[in-house]
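Note that my numbering has the sequence shown beginning at 158, numbered continuously upward. Working notes, beginning with the structure itself.
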Amino acid sequence: MPYLLETLGVMIGVALIAAAIVLLKERLFPIPEDEPPREDVAEYIAMMVSVLYAVVLGLCLVSVWDNRSDAQDHVQAEAGALHQTYLLAASFPEPRRAPLREAARSYAVHVVDVEWPRMAARESLGRSGWSMLDRLRVVSEVEDSGTISQKIAAQEVLAQLGYIDDARRGREAAAEERLSPVLWVGLINGGFLTLAFMFLFGIRRSFTHVIMVMGLAGFIAFTVLLIHQLDSPFGGMFGASADPFTRYFALGGS
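Below you can see the structure in the form of structure tokens.
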């Protein structure tokens, strides 16, 4: 919120200064009445607004798409490492095998049924998931009396748990990432300015003008809504899917 207010303050301040300069110029150096209007200046300003708005749109789309793509990559890596941990349990001694598989499955169920709705709602995930990951580390330990193959499997499980840890941190960071309020200000204000210049300069008010404004307004609204959807990497129709967890562990979640 402070960045948003600061951005709005700078924009309003610069606009007021520009208006004051124009009024001062007209008072000190008035334009002769017989001088024709400078439509080329208005067209240049309208063109610059459109170009700058296209840059802002592109920056916003790249930002939200990269975050959504990173979120899906973290989910895939986390689920894959968890599945490998589940499979490696076959190399553990019988007393350790079932607890390790149960701990891995419980972690997957927790991610899909508990954490996914929280991420979609941008709520804190809490410490329960990390506690379940710590339990995975405990049940994957092998006693000194274990065989060489069991100790090798335990080392491999430890490596997979490290991958899960890294992917989980990335997933949590992606869930908390949001498009900058400064970019949202530029996105909304730029859309209004672009449409406003279509009404003010360069095109007569005709049926063609109406069609052009309708098309541009609809496309800008579509782009803003698309960015809004992509800005929720674990929610909405474009959010990252929990399919890697549900596929590996045959869960009934989404």
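Every residue, glycine too, gets a C-beta built ideally from N, C-alpha and C. Every value quoted in this text rests on a predicted model; they were computed, and no experiment measured them.
Per-residue burial, Q317 [other beta carbons within 10 Å of its own, 16 or more giving buried]: buried
Nearest to V212 (by Cα), restricted to the options G372, T351 and I368: T351
Sequence-distant residues of the same chain with beta carbon closer than 6 Å to Q233, five excluded per side: P401
Environment of I345 [buried if 16+ CB atoms lie within 10 Å]: exposed
7 Å Cβ cutoff met for L387 and R225: yes
Given H102 as reference, the closest of V381, R258 and L216 once Cα atoms are compared: Not covered by the structure: residue 102. The range shown for the chain is 158 to 411.
Same chain, Cβ closer than 6 Å to L340, five either side skipped, listed in chain order: Excluding residues within five positions, the ones whose Cβ falls inside 6 Å are C217.
Sequence-distant residues of the same chain with beta carbon closer than 8 Å to L209, five excluded per side: The residues are G347.
Cβ-based burial, P250 [other Cβ within 10 Å; buried from 16]: exposed
Top-ranked residue by Cα proximity to E272, from V219, G286 and D291: G286
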